[in-house]
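Take a look at the structure set out below.
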Amino acid sequence: WLVDLLLYIEESDEYKNNKVPPELIDEDEEDNGEKLFFNYLEQAYQTFLLKGEECERINEIQEQLKQLFEDKNNVISSEIMDIQSENEQLELEIKELQERKNQIPILENTIINQKEDINKFNIIIQKFISHKEHLLNQKKRAIHDYDDINNDIKQLEVEEDSLK
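To get the numbering used here, take the position in the sequence shown, counting from 1, and add 2.
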């Protein structure tokens with residue numbers, strides 16, 4: 003694994019020195035945990051090779067790596083909390099929509115009942131209109147009969163006066 007690490011370090015150094023154009027660099031490369039770990043491993047190995055001079059640097063390197071991973075964990079934890087909050091909101095919306103969906107048959111029955119009531123009211127209205135017309139006709143006949151009776155009374159009074 004040490005040889006693989008050295009090869010990786012060489013390729014990494016070549017990659018850094020070649021100055022790859024920005025459009026060819028993977029945007030997620032900085033987020034890559036493996037790259038962070040290999041950078042740590044490279045620095046730790048180089049420090050190990052230097053032996054006594056920079057042994058304290060290993061702890062510093064470990065702390066840097068630890069801080070990087072903690073920062074990444076915090077960001078990810080924050081994103082997880084945001085997603086969980088969004089999921090809870092979506093679950094509430096789903097429940098509300100399901101409740102509305104459950105109300106559809108009740109509302110459809112209400113609509114059917116109201117349409118039946120409208121039809122019944124229309125029938126009653128037609129009956130009342132018909133009855134009103136019948137009463138108006140009776141009224142006209144009664145007025146006509148009244149006028150006829152009044153005319154007859156006047157004629158009879160005239161006849162009575164003429165007989166006197």
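Even for Gly, the Cβ is constructed at its ideal location relative to N, Cα and C.
Span separating the alpha-carbon of V160 from that of Y148: 18 Å
Coarse secondary structure for S142, derived from DSSP in three states: The sequence shown places Lys at residue 142, rather than the Ser named in the question. K142 falls in the helix class under three-state DSSP.
Inter-residue Cα distance where the pair is Q69 and K97: 41 Å
Length-filtered (4 minimum) alpha helix (DSSP H) runs lying within the region 104–161: Taken in chain order, the complete alpha helix (DSSP H) segments of 4 or more residues contained in the region 104–161 number zero; there are none.
Length of the line joining the Cα atoms of N61 and N75: 20 Å
Backbone CA spacing between Q86 and R102 [nearest angstrom]: 24 Å
N89 - DSSP class collapsed to helix/strand/coil: helix
Collapsed DSSP secondary structure at K166 in the structure displayed: coil
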